[in-house]
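Quick note: to get my numbering, add 2 to the position in the sequence shown (first position is 1). Where is the CB? At the ideal position from N, CA and C, for every residue including glycine. So the structure is just underneath, and the comments pick up after that.
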Amino acid sequence: MRTLICILFFALFLHNAAAQDFKIVRHTVTMGETVRMISKKYHVQPSEIYRLNKFAIDGIHEGMVLQIPTEVKIAEAVSPESEAPPAEPDPASQVADQNGAPSEIKHTVAPKETLFSLSKLYNVPVDEIKRQNEKILKNGLQTGQVLTITTD
Numbered sequence: 003m004r005t006l007i008c009i010l011f012f013a014l015f016l017h018n019a020a021a022q023d024f025k026i027v028r029h030t031v032t033m034g035e036t037v038r039m040i041s042k043k044y045h046v047q048p049s050e051i052y053r054l055n056k057f058a059i060d061g062i063h064e065g066m067v068l069q070i071p072t073e074v075k076i077a078e079a080v081s082p083e084s085e086a087p088p089a090e091p092d093p094a095s096q097v098a099d100q101n102g103a104p105s106e107i108k109h110t111v112a113p114k115e116t117l118f119s120l121s122k123l124y125n126v127p128v129d130e131i132k133r134q135n136e137k138i139l140k141n142g143l144q145t146g147q148v149l150t151i152t153t154d
């Protein structure tokens, strides 16, 4: 009876381990790539990339290898082996970037995040984050708060 319980427990453990919906993918940074571009490619938040790659907060450069948390189906679709050479950027997006059209990001504060780390993450001054979220930050930064961050 004890053996049967152990086998069932082990089988349940293996089933849960196999049922995970995410996978860590290794991505080698190419020239001109930014964390934001990489995050869009893998459909993850830039904060998730920074969480796994603390060194990337200071900037990334060509040849760096980043760990990217992805959903299994996305990881299979964008696996490094099947990755096509980078296509030319969309001219419409270049025009939008040149016009300086700001993008608005909704960021949910995670444990141990600070205004300083968010300013580094999104390349926005701390004072600007405070100004954009004056009412929310009235009692300080707290886990679970949803901040609006406008980037250029």
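Could you check where the alpha helix (DSSP H) with residue i kicks off and where it finishes?
i    : result
I51  : P48 to L54
M39  : V37 to Y44
F118 : L117 to Y124
D129 : V128 to Q134
Between the beta-carbon of residue i and the beta-carbon of residue j, is there less than 8 Å?
i    : j    : result
P71  : I40  : no
L123 : P48  : yes
L117 : V128 : yes
I131 : S119 : no
I107 : T153 : yes
Any idea which residues DSSP pairs residue i with across the strands?
i    : result
F163 : Absent from the model: residue 163. The displayed extent of the chain is 3 to 154, so no value can be given.
L68  : H29
Please classify residue i: is it buried, with 16 or more other beta-carbons within 10 angstroms of its beta-carbon, or exposed?
i    : result
I151 : buried
N135 : buried
Q144 : exposed
L54  : exposed
S81  : With a pLDDT of 48 at S81, under the threshold of 50, the predicted position of this residue should be treated as unreliable, though the coordinate-derived value follows. S81 comes out exposed.
I7   : exposed
E115 : buried
I162 : There is no way to answer for residue 162, as the model of the chain reaches only from 3 to 154.
Beta strand (DSSP E) containing residue i: first to last residue?
i    : result
L149 : V148 to T153
I107 : S105 to T110
Contact between the region 102–118 and the region 63–72 (3+ Cβ pairs under 8 Å): no
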